[in-house]
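When we follow the UniProt record's numbering, the leftmost residue of the sequence shown carries the number 1, and every step to the right adds one.
Below: the structure, in structure tokens.
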Amino acid sequence: MSSLNIISVRPQWQQELAQSISDPTELGAFLRLPESWTAQNQTARELFPLRITRYFASLMKPGDIHDPLLLQVMPNQAEFEQKEGFVADPLEEQSGDHAGILHKYKSRVLVILRGGCAINCRYCFRRHFPYQDHHFGRTQLQQLVELIQSDEAINEVILSGGDPLMANDDQLFKVITALEALPQLKRLRIHSRLPVVLPSRLTEELARRLQVSRLQTILVIHANHPHEVTNTLKGALARWAQHDITLLNQSVLLAGVNDSADTLADLSEALFDAKVIPYYLHQLDKVAGASHFAISDERARELEQQLRARLPGFLVPKLVREIAGEASKTPL
Ligand code: SF4
């Protein structure tokens, strides 16, 4: 047997992931950013590492330190500012009976399937989350099954993270198979930013597996700016839509990134072109290190009004905030 026959080839998305950028200087050079600006900001990587796929970096405008995609991932000096009300665990998730399983909502249970992400978003409300304490393995899968069986109100499982699509297909198939065996479950929801930052993750194999599942699948992607909705992403999502997978998007309102009605309207239009319904527009969760992204509730409501005046209702995402301990998201 030739050696070629025994080498297992990693899927393209994993090969691309292995080429990710984690050094601000490398990102600065890739985008031809001013060296002084990169040097001044890079210390903030101590607070939360830089991580970005080359695909996502390629969507940024070279030389532009205000690029809305760059601002979402580049460490920034402003992250050292300590502002009242901005805390490490804004949604009070870091304690719980079952590591990796959050029974936050009555009928839904949320699973931290994978700690890592393909990019580290500077505004992430889980940027201080102790993922190392929330490994999801065979024991946790059994705990999840038992938790669901103990509460007949649960009819939906949300795979979250980190990013659940960082798990490989084998791991996902095991979880899907275990959940399908529970008659009370109706839906499986996958919350992932991977489609936007690494569209090659939307593989045909995974889509086919989800299509044959008796659970209805909803993929909630996470795009914040119209530049993230590329033709590559549209093509990948169109293929997934053909497999009966419902596509939704959630965004976070971010100062300097998408806090204008023009940008948000363009985002909704681009998403709909990609067969995705704009679902939620979140006010920023007050996580330590992200206060420079915050905009006031008054401004957020103003933006929503402007969107209502410009777009059909189905293209206006619900403006919400998540409040620790509340059973659902709270409209603003
Ligand atoms: S992909 Fe999602 S979970 Fe990961 S860093 Fe970004 S916002 Fe946070």
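Don't be surprised by glycine CBs; every beta carbon is placed ideally from N, CA and C.
{"query": "Name the DSSP beta bridge partners of L69, please?", "result": "Partner(s): none; L69 has no beta bridge."}
{"query": "Since L202 and P195 should fall inside the 8 Å C-beta cutoff, what is the C-beta to C-beta distance between them, to a whole number of angstroms?", "result": "5 Å"}
{"query": "Kindly indicate which residue of L110, V316, G161, K104 has the alpha-carbon position closest to the one of C124.", "result": "G161"}
{"query": "Should D163 be listed as close to the ligand SF4, given that the test is whether its C-beta is under 6 Å from any heavy atom?", "result": "yes"}
{"query": "Taking the beta strand (DSSP E) that T217 falls in, what are its first and last residues?", "result": "216 to 221"}
{"query": "Give the single residue among A57, R308, Q40 whose Cα lies nearest to the Cα of N120.", "result": "A57"}
{"query": "With a threshold of 6 Å (Cβ to nearest heavy atom), would R108 be considered close to the ligand SF4?", "result": "no"}
{"query": "Tell me whether N120 counts as near the ligand SF4, meaning its Cβ is closer than 6 Å to at least one heavy atom of that ligand.", "result": "yes"}
{"query": "Does any heavy atom of the ligand SF4 sit closer than 6 Å to the C-beta of R114?", "result": "no"}
{"query": "How do the region 269 to 288 and the region 239 to 259 stand: do at least 3 beta-carbon pairs fall below 8 Å, yes or no?", "result": "yes"}
{"query": "Tell me whether the region 35 to 46 and the region 98 to 108 touch, counting them as touching only if at least three CB pairs, one residue from each stretch, are closer than 8 Å.", "result": "no"}
{"query": "So I148 and P164 are in contact, right, with Cβ under 8 Å, and what is the actual spacing, rounded?", "result": "With 8 Å as the limit, I148 and P164 do not qualify as a contact, their Cβ atoms being about 17 Å apart."}
{"query": "Is R321 a contact residue of the ligand SF4, with contact defined as CB to any heavy atom under 6 Å?", "result": "no"}
{"query": "Alpha carbon to alpha carbon, what distance is there between A324 and Q283?", "result": "14 Å"}
{"query": "Can you give me the C-alpha to C-alpha distance between L50 and L31, rounded to a whole angstrom?", "result": "15 Å"}
{"query": "Quick one: what's got a C-beta closer than 6 Å to L47's C-beta in the same chain, skipping five residues either side?", "result": "E79, G289"}
{"query": "From the DSSP output, read off the bridge partner residues of Y279.", "result": "BP columns for Y279 are empty, so no partner."}
{"query": "Could you give the first and the last residue of the continuous alpha helix (DSSP H) run that contains T177?", "result": "169 to 180"}
{"query": "In this structure, how does DSSP classify K329 when only helix, strand and coil are distinguished?", "result": "coil"}
{"query": "Only counting the same chain, and skipping five residues up and downstream in sequence, which positions put a Cβ closer than 6 Å to that of K174?", "result": "none"}
{"query": "Would DSSP call residue 337 helix, strand or coil?", "result": "Any question about residue 337 goes unanswered here, given that the chain covers just 1 to 332."}
{"query": "Classify V157 as helix, strand or coil using the three-state DSSP reduction.", "result": "strand"}
{"query": "Within the present structure, is the beta-carbon of R193 separated from the nearest heavy atom of the ligand SF4 by less than 6 Å?", "result": "yes"}
{"query": "According to the Cβ coordinates, are A261 and L219 closer than 7 Å?", "result": "no"}
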